[in-house]
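Here is the structure we will look at, set down as structure tokens.
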Amino acid sequence: MALRADQRAASFADTDNDGKPDLFVTYGAAWQHLFHNLGGGKFEASREQSGLCYPGTPPERCFFDYNRDGLVDCFFSNGAVIPSE
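Each residue of the sequence shown is one higher than the one before, starting from 29 at the first, in our numbering.
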């Protein structure tokens with residue numbers, strides 16, 4: 029399975045439990061950034077602190093509380109199957 033370079037995805041989730049939804053954006057498997065919501069319509073890039081950005085991981089993510097502990101969990105999925113030509 030190969031990821032297409034033009035796959036894009038964006039998700040909002042309160043990844044730091046501060047009550048403000050943060051923005052996670054991907055462009056292919058190489059470009060992944062978490063933007064921490066500072067409030068008032070301002071965001072700050074926090075790629076290194078997030079723990080969510082790993083080179084080569086699929087761009088599709090779903091954020092939800094899987095184990096019902098009150099903290100946001102992240103599910104990675106590779107929904108793209110690109111047939112070889």
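Quick reminder that beta carbons are idealized off the backbone N, C-alpha and C, glycines included. Just so we're clear, the structure is a prediction, and the values are computed from it rather than from any experiment.
Coil, strand or helix - residue i by DSSP
{"i": "Tyr55", "result": "strand"}
{"i": "Asp93", "result": "coil"}
{"i": "Gly67", "result": "strand"}
{"i": "Leu62", "result": "strand"}
{"i": "Asp46", "result": "coil"}
{"i": "Met29", "result": "Bear in mind that the predicted position of Met29 carries a pLDDT of just 42, short of 50, making it too unreliable to give a figure here."}
{"i": "Ser39", "result": "strand"}
{"i": "Val100", "result": "coil"}
Spatially closest choice to residue i from the options, by CA coordinates
{"i": "Gln60", "options": "Ala37, Lys48, Asp42 and Phe103", "result": "Ala37"}
{"i": "Leu62", "options": "Asp46, Ser39, Val100 and Gly47", "result": "Ser39"}
{"i": "Phe104", "options": "Lys48, Thr54 and Asp97", "result": "Thr54"}
Other residues of its chain near residue i: CB distance less than 8 Å, five sequence neighbours each side excluded
{"i": "Val100", "result": "Ala41, Asp42, Thr43, Asn45, Phe91, Phe92 and Asp93"}
{"i": "Pro49", "result": "Phe40, Ala41, Asp42 and Asn65"}
{"i": "Ala73", "result": "His61, Leu62, Phe63 and His64"}
So does the segment 61-70 actually touch the segment 85-100, counting three or more Cβ pairs closer than 8 Å? no
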